[in-house]
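In what follows, a single structure is set out as structure tokens and then discussed.
Number of protein chains: 2
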Amino acid sequence: MNREQLFHQIQSKRSYLCIGLDSDITKIPEHLLECEDPLYEFNKAIVAATSDLCVAYKPNLAFYESLGASGWRSLEKTMERIPGGCFTIADAKRGDIGNTSTLYARAFFQNMNFDAVTVAPYMGEDSVKPFLAFENKWVILLALTSNPGALDFQMNRQDDGELLFEAVMRKAQNWGTPDQLMFVCGATRAGQFEALRKIAPHNFFLVPGVGAQGGDLQALSRAGMNGQCGLLVNSSRQILYASSGKDFAEAARAEAMKVQMEMQALLTEKGI
Amino acid sequence: MNREQLFHQIQSKRSYLCIGLDSDITKIPEHLLECEDPLYEFNKAIVAATSDLCVAYKPNLAFYESLGASGWRSLEKTMERIPGGCFTIADAKRGDIGNTSTLYARAFFQNMNFDAVTVAPYMGEDSVKPFLAFENKWVILLALTSNPGALDFQMNRQDDGELLFEAVMRKAQNWGTPDQLMFVCGATRAGQFEALRKIAPHNFFLVPGVGAQGGDLQALSRAGMNGQCGLLVNSSRQILYASSGKDFAEAARAEAMKVQMEMQALLTEKGI
Chain A
1 MNREQLFHQI QSKRSYLCIG LDSDITKIPE HLLECEDPLY EFNKAIVAAT SDLCVAYKPN
61 LAFYESLGAS GWRSLEKTME RIPGGCFTIA DAKRGDIGNT STLYARAFFQ NMNFDAVTVA
121 PYMGEDSVKP FLAFENKWVI LLALTSNPGA LDFQMNRQDD GELLFEAVMR KAQNWGTPDQ
181 LMFVCGATRA GQFEALRKIA PHNFFLVPGV GAQGGDLQAL SRAGMNGQCG LLVNSSRQIL
241 YASSGKDFAE AARAEAMKVQ MEMQALLTEK GI
Chain B
1 MNREQLFHQI QSKRSYLCIG LDSDITKIPE HLLECEDPLY EFNKAIVAAT SDLCVAYKPN
61 LAFYESLGAS GWRSLEKTME RIPGGCFTIA DAKRGDIGNT STLYARAFFQ NMNFDAVTVA
121 PYMGEDSVKP FLAFENKWVI LLALTSNPGA LDFQMNRQDD GELLFEAVMR KAQNWGTPDQ
181 LMFVCGATRA GQFEALRKIA PHNFFLVPGV GAQGGDLQAL SRAGMNGQCG LLVNSSRQIL
241 YASSGKDFAE AARAEAMKVQ MEMQALLTEK GI
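Going down the list, the protein sequences come from chains A and B. According to my numbering, the first sequence is numbered sequentially starting from 1. According to my numbering, the second sequence is numbered sequentially starting from 1.
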């Protein structure tokens, strides 16, 4: 999916919600455990109940890998159920030397047809570039994350005055265009969104952490939106586990709709 | 495997060789492609031919993930063929917020019984700690990698004078002991090994890059060894693809033996 198509989805759905498929075998409704492939059945129902309210789905790879080959298969099957109009993000945080990153890129972009993959910047340009070689596919590079450990290195001031995450955002813009490069920008620091937007005016930001990780949708949206919205705001647990009963999909839809309605107002406010 | 057991393996095998199972479906001998599970057959033969000459195997996850669920299954089956005396490293370069890292740790440590997993430091302490909660399991944290992109951020000087990778090595030593924490230290910079050893005197270093990535075994060993050897030096392609014929396993053994003999001399020189 290219940037225009993504923006079109945002405009027509009046939403920039990304639903994180952190689908946890220990948290999904008990009655699903009788199915042959419980994670897939759970995801299928969640997607069917929410795909008109969100513009993106973001499976978190750890939840599938922790189940081995069968988890990987659940993910492959899930990908087949996500409608073409939804942007898909492999939240994998990969990154390795060039030829290895190329293989990760193939795994996600070609084999499973994801639109985007999250990538860690520590190993630098040649670990990121292989992901940028695929047409209409996206890298979402970790910049400022929402966890406490973000303070350990990302906020380190370099001797030229920049913080490390600022250096990442600045440098990475030489590697790819805003048509293929987004940044992960943590929502627990809404006050910093204006500064983040100045560093990268045109790139989309993937914002984790609305919901269980804390965060303020209104504040971050007002500070972080650009003319094409420029935000994908993620919510996972709050939507996935809104109910642990047989009504889990309806409950997920109700939660997603709450967020979508708030987003609709914010888009209107911004004139989008 | 704990540190004493690893050291014992090094002493008895006279080797600190790690064989990287970067097993590439496009590079393995053609006759194997007729098998039901070519990657597994390749790995099985390589392991059988080399397990007395190396102390560790390091499957690179990308090569398996790029084949989807079936690749994941090839890896699971490979793990069952690696003898208990060999240290096993999931070269996965994972790292995410706490609960997600816990799931990755389970995937590698519990489900597949790896001894160690490579972890990226960018997200800080709470992304690394979950891996350190498993007894006799290891984190191998990226510090200074061997690729050109290592210059992009790892070598950034912080305003307190430290380089970023030095800050990573120093800080991470507060998170785990040398009985559970190793560092990835790139072999293309043998001249820096003395400095690396000063920052982390007791930790094992996983050294990529001997072989196809360049590197000088003697120089890095003399500069980087500590009293328990403290090094695992990786070689992948040079061993795996020593021959593309039916003699690939014998050819791999011959290559591994060359490295092992050089290591034997270096261990003796160090009095180990």
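Here a beta-carbon is modelled for each residue, glycine too, at the ideal position from N, C-alpha and C. None of the values given here were measured: they were computed from a predicted structure.
Buried versus exposed call for residue i [16 or more other C-beta atoms within 10 Å across all chains shown]
i         : result
Thr100(B) : buried
Gln110(B) : exposed
Pro121(B) : buried
Glu80(B)  : exposed
Gly230(A) : buried
Ala200(B) : buried
Ala49(A)  : buried
Ser244(B) : exposed
Arg157(A) : exposed
Trp6(A)   : Residue 6(A) is actually Leu in this sequence, not Trp. So Leu6(A) ends up on the buried side.
Arg170(A) : exposed
Ala90(B)  : buried
Asn174(A) : exposed
Pro83(B)  : exposed
Glu30(B)  : exposed
Thr118(A) : buried
Glu194(A) : exposed
Lys93(B)  : buried
Nonlocal neighbours in the same chain, by C-beta distance under 8 angstroms from residue i, ignoring five residues either side
i         : result
Thr145(A) : Gln154, Val184, Gly186 and Pro208
Cys54(B)  : Lys13, Ser15, Leu17, Cys18, Ile19, Cys86, Ala256 and Gln260
Gly71(A)  : Leu39, Phe63, Tyr64 and Glu65
Met182(A) : Ala116, Trp138, Val139, Ile140, Leu141, Asn203, Phe204, Phe205, Leu206 and Leu232
Asp52(B)  : Lys13
Same chain, Cβ closer than 7 angstroms to residue i, neighbours up to 5 away in sequence not counted
i         : result
Met1(A)   : Phe87, Asp115 and Asn136
Leu316(A) : Within the shown structure, residues of chain A are numbered from 1 to 272, placing residue 316(A) beyond reach of any answer.
Gly176(A) : Leu132 and Val139
Met276(A) : It is not possible to answer for residue 276(A), since the shown part of chain A is limited to 1 through 272.
Ala150(B) : Leu144 and Gly186
Pro59(B)  : Leu21, Leu75, Thr78, Ala90 and Asp91
Ile25(A)  : Pro38, Leu39 and Leu67
Coil, strand or helix - residue i by DSSP
i         : result
Ala212(A) : The predicted position of Ala212(A) is uncertain, since its pLDDT is 49 and thus under 50; a value taken from the coordinates is nonetheless stated next. Reduced to three states, the DSSP call for Ala212(A) is coil.
Met277(B) : Outside the modelled stretch of chain B, which goes from 1 to 272, sits residue 277(B), for which no answer is possible.
Met79(A)  : helix
Ala56(B)  : strand
Arg106(B) : helix
Leu206(A) : strand
Ile19(B)  : strand
Thr177(A) : coil
Arg3(B)   : helix
Arg222(B) : helix
Arg157(A) : strand
Ile97(B)  : coil
Ile272(B) : coil
Glu34(B)  : helix
Gly68(A)  : helix
Arg73(B)  : helix
Val134(A) : In the sequence on display, residue 134(A) carries Phe and not Val. Correct three-state label for Phe134(A): coil.
Asn113(B) : coil
Residue interval of the alpha helix (DSSP H) (run including residue i)
i         : result
Gly149(A) : Looking at the DSSP string, Gly149(A) is not in any alpha helix (DSSP H), and its letter there is neither H nor E.
Trp138(B) : No alpha helix (DSSP H) contains Trp138(B), which is instead part of the beta strand (DSSP E) from Trp138 to Leu144.
Thr50(A)  : Pro38 to Thr50
Ala195(B) : Phe193 to Ile199
Ala62(B)  : Leu61 to Glu65
Glu125(B) : Glu125 to Val128
Cβ-heavy atom distance, residue i to the ligand SAM, below 7 angstroms
i         : result
Gln180(B) : No copy of the ligand SAM occurs in the structure displayed, which carries no ligand at all.
Segment limits, beta strand (DSSP E) that includes residue i
i         : result
Ile89(B)  : Phe87 to Arg94
Ala172(B) : Looking at the DSSP string, Ala172(B) is not in any beta strand (DSSP E); the run it does join, the alpha helix (DSSP H), is Leu164 to Ala172.
Thr26(A)  : Where Thr26(A) is concerned, there is no enclosing beta strand (DSSP E), given that its DSSP letter is neither H nor E.
Leu181(A) : Leu181 to Cys185
Ala116(A) : Ala116 to Val119
Cβ shell of residue i (< 6 angstroms), same chain only, five flanking positions each side left out
i         : result
Ser251(B) : Note that residue 251(B) is Ala in the sequence shown here, rather than Ser. Once the five neighbours on either side are set aside, the close Cβ partners of Ala251(B) are Ala242 and Ser243.
Asp179(B) : Arg3
Leu266(A) : Ser221
Val47(B)  : Arg81 and Ile82
Practice problem: Within the segment 225 to 265 of chain A, note down every full alpha helix (DSSP H) run reaching 4 residues or more, in order along the chain. | Solution: Fully enclosed alpha helix (DSSP H) runs of 4 or longer: 237 to 240.
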